[in-house]
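Colleague: Provided herewith is a single structure, encoded as structure tokens, for subsequent inquiry.
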Amino acid sequence: MSNRVRFAPSPTGEVHIGNIRTAIFNWLYARHTGGQFLLRIEDTDRERSTPAAIASLLEVMAWLELDFDGEPLYQSSRLAAHTAAADQLLADGHAYRHAKGEGGEATLFRIPWDSDAIPEVCEAGDVRLELHAKTPVAIDFTGVSYALLTKKGKASPQAGALGGFHGLQLLDADGTVLYELDPDIKAVLGGESRQFEGVAAMTFRRRELVYTDLVKGELRKPLDSLKDQVIVRSDGAPVFHLANVCDDIEQGITEILRGDDHVENTYRHILLFRALGAAPPAYGHFPMIVNDQGKPFSKRDGDAYVGDFRTKGYLPEALRNYLPLLGWSPGDDREQMTSDELVAAFTLERVNSAAAQMDVNKLKNLNGLYIAAIALDDFIELIQPFVASQPWAAAADSTTLRTVAELMQSRCKLFTDAADWSYFFTDDLDFDEKAARKALQKDGVAAALQQLSDALAEKEPFDEAGIEAAIHATTEKLGLGQGKLNAAIRVAVTGTNVGAGLYETMAVLGRERTCRRLQFAGDNLCAGSSAQG
RNA sequence: GUCCCCAUCGUCUAGAGGCCUAGGACGCCGGGUUCUCAUCCCGGUAACACCGGUUCAAAUCCGGUUGGGGAUGCCA
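In structure tokens form, the structure reads like this:
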């Protein structure tokens with residue numbers, strides 16, 4: 012049977028990069044192994060799941076070209092199956108109804124007492140725990156609760172499922188056995204409860220659940236540290252754990268690849284698979300992506316939504332290339348990789364286990380590399396939406412825009428950099444104060460700009476070569492070195508000291524604009540010009 | 001508190017006992033090309049968390065400490 016993996020997001024808001032990286036990893040794995048990549052939308056949280064969130068999820072996946080196989084499965088459509096599974100569990104004695112806390116009776120999944128037949132469960136030796144004798148030990152069908160003795164002699168309350176305490180003995184300070192669980196287990200499971208005071212220690216045979224994580228290797232968890240889990244709320248709504256496992260069985264998932272925050276769930280889920288009569292799939296857990304503080308992303312880190320990267324002018328190719336590099340590497344020095352190369356190189360063995368910090372700088376650099384590689388026509392096409400949002404959009408005729416795009420593409424790291432193209436289309440220059448001061452506030456600059464403007468006014472043709480010649484002629488006449496005036500000209504005509512080639516830029520601007528700006532700068536912005544008094 | 005996981009330059013990572021005076025990339029600094037900026041090219045900066053142990057030999061194995069994260073929900 013071929014591999015079947017799934018991406019199972021909850022559509023409760025914007026799509027987060029951590030989530031979409033999980034999707035990318037799953038997609039990469041499926042495509043690498045020739046398996047299926049399924050999409051399951053876990054929309055059972057009626058309060059928070061919205062059609063808008065589902066639409067945006069689908070949109071983001073399409074944008075990143077994460078094509079899934081078959082139709083998406085909407086978890087909400089499976090309510091009846093989930094409820095039936097809970098009923099089955101109840102009937103089989105794997106679950107019980109219990110009013111825990113307020114809210115009425117919920118259905119809890121029991122960490123099984125008879126776990127000998129479960130391949131993932133093994134005995135892990137005898138355990139002796141020193142207890143806080145003043146806290147009573149309580150035992151009933153929901154589990155064992157007790158209090159450990161801290162170093163300071165205080166009580167540290169604990170509770171664990173019954174199934175973790177085979178061979179349990181309660182001892183008093185003298186070592187006398189107060190109680191043995193095994194002979195009493197039927198009665199306890201049947202609903203009787205026991206309580207003991209003055210228990211100094213407890214001993215039992217520890218059982219552990221062991222599985223081999225595809226990423227992290229062998230992982231184990233003592234059953235006595237697990238608690239019975241609510242699987243159906245008192246209002247009748249099945250919880251995530253049940254729905255998730257049921258649907259994984261339904262979809263025939265063979266590998267569950269998800270974020271590190273799910274490792275603890277895995278132990279219970281494996282038990283649920285077994286109780287439902289299914290063999291659990293293999294599991295692999297990816298390291299988390301954290302923010303630049305090294306902390307988990309929270310709602311405050313608004314930048315971490317995929318949609319935001321899109322509106323900021325990132326290319327899907329760049330994101331799809333960068334994200335898998337967080338927590339995974341091909342093992343050689345490659346970083347910029349095509350989708351095909353990523354698919355070919357991707358293996359779970361090469362996924363790391365330490366959390367990875369998002370480095371926007373590096374992403375931006377990669378984005379710049381991708382932008383530089385785009386054909387001019389495509390670049391113009393892609394930049395349209397970003398140009399459209401500029402105040403000068405109306406002035407940007409397609410011919411000029413094309414020329415500008417050609418000049419600026421290699422200087423573009425993000426599509427939003429198009430905001431800097433303003434001076435090509437409007438005379439309302441945004442002068443960089445520092446650059447202006449440095450380039451224009453010098454003696455003689457005003458006169459030089461005026462002379463250049465005069466020279467340019469008659470230059471024919473007004474093209475790159477002609478402009479260069481005019482500038483050279485002017486500097487020569489003034490006894491300036493070649494290029495000495497360029498910085499001043501640049502600031503005068505563009506407002507800034509960075510940008511494409513000066514002559515090319517002036518040619519695009521055209522004679523009229525260029526001269527007007529030179530004169531304006533000469534009259535108003537230079538040392539000794541009228542505006543300066 | 002308890003359980004589980006994690007730990008190499010500022011960041012992403014390579015490294016699965018000798019190839020490591022720890023490699024690459026981003027960033028940063030310097031230089032070259034160029035009319036500026038960007039690109040491109042050269043060079044530099046900077047890390048094995050700490051303490052023990054195993055070994056002829058440890059970033060790599062083991063133990064402990066510290067630090068970080070997760071779980072301990074009728075959230076997903």
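Numbered according to the working numbering, the first sequence spans residues 12 to 544. Think of the CB as a built atom: it goes at the ideal place given N, C-alpha and C, for glycine as much as any other residue. None of these values were measured; they are calculated from a predicted model.
Go through the segment 454-491 residue by residue and report every complete run of the alpha helix (DSSP H) that reaches 4 residues or more, in order.
Modeller: Listed in chain order, the complete alpha helix (DSSP H) runs (minimum 4 residues) inside the segment 454-491 are 456-469 and 475-488.
Colleague: Is Gln86 helix, strand or coil when you go by DSSP?
Modeller: Gln86 falls in the helix class under three-state DSSP.
Colleague: Distance check for Thr161 and Ala95, CA to CA, integer angstroms please.
Modeller: Cα to Cα, the separation comes out at about 44 Å.
Colleague: Excluding the 5 residues preceding and the 5 following Cys307 in the sequence, name in chain order all residues of the same chain whose CB lies nearer than 7 Å to its CB.
Modeller: Just to set this straight, residue 307 is Pro in the shown sequence, not Cys. Once the five neighbours on either side are set aside, the close Cβ partners of Pro307 are Met299 and Val301.
Colleague: If Asp438 and Arg524 are in contact, beta carbons under 8 Å, what's the gap, nearest whole angstrom?
Modeller: 7 Å between Cβ atoms; contact.
Colleague: Rounded C-beta distance between Asn37 and Phe48? I'm assuming under 8 Å.
Modeller: Between Phe48 and Asn37 the Cβ distance is about 6 Å, and since that is below 8 Å, they are a contact.
Colleague: If you check the beta carbons only, do Leu173 and Met213 fall under 8 Å apart?
Modeller: No, the pair does not count as a contact, with Cβ atoms beyond the cut-off.
Colleague: Can the beta-carbon of Ser88 be found less than 8 Å from the beta-carbon of Ser60?
Modeller: Going by C-beta atoms, Ser88 is not nearer than 8 Å to Ser60.
Colleague: Should the segment 386-405 be called in touch with the segment 344-354, which here means at least 3 C-beta pairs below 8 Å?
Modeller: No: the two stretches stay apart, fewer than three of their Cβ pairs being nearer than 8 Å.
Colleague: What number of angstroms, rounded off, separates the C-alpha of Cys10 from the C-alpha of Thr23?
Modeller: The shown model of the chain, from 12 to 544, leaves out residue 10, and the question about it has no answer.
Colleague: To which residues does DSSP link Pro168 through a beta bridge?
Modeller: Pro168 is bridged to Ala158.
Colleague: Under three-state DSSP, which class holds Ser13?
Modeller: Of the three classes helix, strand and coil, the one that applies to Ser13 here is coil, per DSSP.
Colleague: Would you call the segment 148-166 in contact with the segment 193-210, where contact means no fewer than 3 C-beta pairs closer than 8 Å?
Modeller: Counting Cβ pairs under 8 Å, three or more are found: they touch.
Colleague: Spatial neighbours of Ala447 within its chain, please: C-beta separation below 7 Å, excluding the five flanking residues on both sides.
Modeller: Here the set comprises Val502 and Leu536.
Colleague: Please report the residue range of the beta strand (DSSP E) in which Cys133 lies.
Modeller: Note, Cys133: beta strand (DSSP E), Val132 to Glu141.
Colleague: According to DSSP, simplified to helix, strand and coil, what is Glu191?
Modeller: In the structure shown, Glu191 sits in a strand (DSSP, three-state: E or B).
Colleague: Which residue from Tyr325, Ala365 and Ala135 puts its Cα closest to that of Asp272?
Modeller: The shortest Cα separation from Asp272 among Tyr325, Ala365 and Ala135 belongs to Ala365.
Colleague: Helix, strand or coil: which one does DSSP assign to Glu203?
Modeller: Three-state DSSP puts Glu203 in coil, outside helix and strand.
Colleague: Per DSSP, which one or two residues make a beta bridge with Gly29?
Modeller: Its beta-bridge partners do not exist; DSSP assigns none.
Colleague: Using a 10 Å radius around the Cβ and a threshold of 16 neighbouring Cβ atoms, would you call Ala476 buried or exposed?
Modeller: When all chains shown are included, Ala476 counts as exposed.
Colleague: Please classify Thr525: does DSSP put it in a helix, a strand, or coil?
Modeller: DSSP places Thr525 in helix when its eight states are reduced to three.
Colleague: Determine which residues share a DSSP beta bridge with His296 and list them.
Modeller: BP columns for His296 point to Arg269.
Colleague: DSSP three-state call for His177: helix, strand or coil?
Modeller: DSSP places His177 in strand when its eight states are reduced to three.
Colleague: What does DSSP give as the partner residue(s) for Gly228 in the beta ladder?
Modeller: BP columns for Gly228 point to Asp224.
Colleague: What residue range is occupied by the uninterrupted alpha helix (DSSP H) comprising Tyr278?
Modeller: First-last of the alpha helix (DSSP H) with Tyr278: Val274 to Ala286.
Colleague: Helix or strand or just coil, what does DSSP make of His105?
Modeller: Of the three classes helix, strand and coil, the one that applies to His105 here is coil, per DSSP.
Colleague: So, using beta-carbon positions, are Thr349 and Asn14 closer together than 8 Å?
Modeller: No.
Colleague: Suppose you measure from the CA of Arg216 to the CA of Val132; what does that come to, to the nearest Å?
Modeller: If I take the Cα positions, the gap works out to 13 Å.
Colleague: Which whole-angstrom value is the C-beta distance of Phe18 and Leu69, which I expect to be below 8 Å?
Modeller: Going by Cβ atoms, the distance from Phe18 to Leu69 rounds to 12 Å, so no, they are not a contact pair.
Colleague: According to the neighbour-count rule (16 or more other Cβ atoms, all chains shown, within 10 Å of its Cβ), is Gly509 buried or exposed?
Modeller: Position check: residue 509 holds Val in this sequence, whereas Gly was assumed. It counts as exposed.
Colleague: What is the DSSP secondary structure of Met517, reduced to helix, strand or coil?
Modeller: Three-state DSSP puts Met517 in a helix.
Colleague: Can the beta-carbon of Tyr381 be found less than 8 Å from the beta-carbon of Leu326?
Modeller: Yes.
Colleague: With burial defined as no fewer than 16 other Cβ atoms inside 10 Å of the residue's Cβ, what is the status of Thr187: buried or exposed?
Modeller: Counting Cβ neighbours within 10 Å, Thr187 comes out exposed, since fewer than 16 surround it.
Colleague: Counting pairs of Cβ atoms below 8 Å between the segment 233-246 and the segment 106-122, do you hit three or more?
Modeller: The answer is yes - the segment 106-122 touches the segment 233-246, with three or more Cβ pairs under 8 Å.
Colleague: What does DSSP give as the partner residues of Arg593 in its beta bridges?
Modeller: This structure leaves residue 593 out entirely; the chain is present only between 12 and 544.
Colleague: For Glu469, verify whether its CB is less than 7 Å away from any heavy atom of the ligand NAD.
Modeller: The ligand NAD is absent from the structure shown, which contains no ligands of any kind.
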